[in-house]
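In the numbering used here, the protein residues as written are 726 to 850.
For each residue, glycine too, the CB sits at the ideal point set by N, CA and C.
Bear in mind the structure is a predicted one, so any value in this text is a computation, not a measurement.
Encoded as C-alpha cells, the structure appears first; notes follow it.
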C-alpha cells in the first residue's frame, strides 16, 4: 500500500503569507487613522454649523442677548442637548457659545486635519 504525500503548507509559504498580510496592514492602518480624523472633523464642523443656526434662531426669538447662550440654544436642538465635543478636538469636551458684538462665537470652532492632527481653522480675512 502506497502512502500519499502529506498535504499542507510549508513553513516558507506560511512565512511569506504572514509577511504579505503584515505589509498590507502597515499600509492600511495610517489610511484608516487619516479617514477617522477626517470623519471626526467633518462631524464636529457639522455640529458647529447646527449650533450656530440654533443660536441665530434663539437670538431672533429672544432679542440680541450678549454673553453665554449655551442654555438657551439647547431648546432649539433635537434632543434639547448640545452634542458632545470629540476628545480628539478638545479635552474639556464642552461648548462655549456666546454672542459678542452681534456675532455668534462658538468654541471650539471649526477644525481641519493637518499633518495627521486636528487643528482649529484659521479665519480668513
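In the three-state reduction of the DSSP assignment, residue 824 falls in the strand class. DSSP places residue 831 in the strand class (E or B) of the three-state scheme. Sorting 792, 811, 731 by C-alpha distance to the C-alpha of residue 762 places 811 at the top.
Here the alpha carbons of residue 738 and residue 831 stand approximately 57 Å from one another. Under a 10 Å Cβ-count criterion, residue 773 is classified as buried, with 16 or more other Cβ atoms of the shown protein chains found around its own Cβ.
Between residue 766 and residue 837, the C-beta gap is smaller than 8 Å, which places the two residues in contact.
Taking residue 782 as reference, the option from 801, 741, 768 with the minimal CA-CA separation is 801.
When DSSP states are grouped into helix, strand and coil, residue 843 belongs to the strand group. By the neighbour-count criterion, in which a residue is buried when 16 or more other Cβ atoms sit within 10 angstroms of its Cβ, residue 833 is buried.
The beta carbons of residue 786 and residue 824 sit no closer together than 8 Å. About 7 Å separates the Cβ atoms of residue 822 and residue 793, confirming a contact at the 8 Å cut-off. Note that the C-beta distance between residue 776 and residue 798 is below 8 Å. Here residue 841 is not near residue 771, since their CB atoms are 8 Å or more apart.
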